[in-house]
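A.B. asks: Numbering (the UniProt record's numbering), first residue to last: 1 to 177. Glycine residues also receive a C-beta, built at the ideal position from the N, C-alpha and C atoms. Remember, it's a predicted structure, so these values are computed and weren't measured experimentally.
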Amino acid sequence: MGKSRTRWPVPTYSRVVPGASGRVLVVDDNKVIRQLIRVNLELEGLEVVTAADGAECLDVVHQVQPDVVTLDVVMPRLDGLRTAARLRADPRTRDLPLAIVSACTQYEVEAGLDVGVDAFLSKPFEPDELVQLVGRLMERRGHGDDGDGEGGGAGESGVGGGLLGAGETERAGRASG
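1. By how many angstroms is the C-alpha of residue 106 removed from the C-alpha of residue 67?
2. Using the DSSP secondary-structure output, state which residues sit across from residue 100 in a beta bridge.
3. Whole angstroms is fine: what's the gap from residue 116's alpha carbon to residue 138's?
4. How many angstroms separate the CA atom of residue 77 from the CA atom of residue 33?
5. Would you kindly check if the distance between the Cβ of residue 95 and the Cβ of residue 75 is under 7 Å?
6. Residue 183 by DSSP, collapsed to three states: which one?
7. May I ask you to list the residues that DSSP assigns as paired with residue 26?
8. Do residue 61 and residue 83 count as a contact pair if the criterion is CB distance below 7 Å?
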């Protein structure tokens with residue numbers, strides 16, 4: 001009775017938000033986590049599209065044209081690190097801000113940095129940490145004009161290196177191109 005099974009393919013969730021300040025593609029195989037992230041970002045006025053794994057992400061990313069992608073690490077079919085590597089290898093998504101939202105090991109963080117992931121947020125996370133992280137990544141992409149003013153519009157937050165106490169780390173200075 002308490003078990004649920006994922007059916008493939010899982011339809012992508014999308015809700016058009018009039019006047020949305022940006023679009024986020026949320027990729028996680030856990031439906032509850034996808035909904036948690038979606039609701040928190042929609043409350044901030046963002047449009048959210050979800051995918052159940054990396055393969056579905058790669059299927060929809062060009063149609064969706066998100067401003068930021070959040071990825072879980074452990075997912076069926078295609079995990080978050082391999083998805084990030086494929087997004088970085090594609091010229092159309094090479095500069096797309098990528099955040100890993102997962103309970104990562106130090107190895108996974110280092111592997112994520114190697115493939116070009118911009119930020120990490122450890123599960124469990126506080127919803128405001130998620131919103132602030134996505135907001136900073138959007139500012140880097142040029143969508144900071146409609147934000148809440150946090151982050152000061154600076155392209156770099158000064159956060160880098162290992163995992164921080166809040167469960168978050170960002171790459172210091174991503175090269176463009």
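C.D. replies: The short version:
1. 27 Å
2. 71, 120
3. 16 Å
4. 18 Å
5. no
6. Coverage of the chain is limited to positions 1 through 177, which leaves residue 183 absent and any answer about it impossible.
7. 50, 70
8. no
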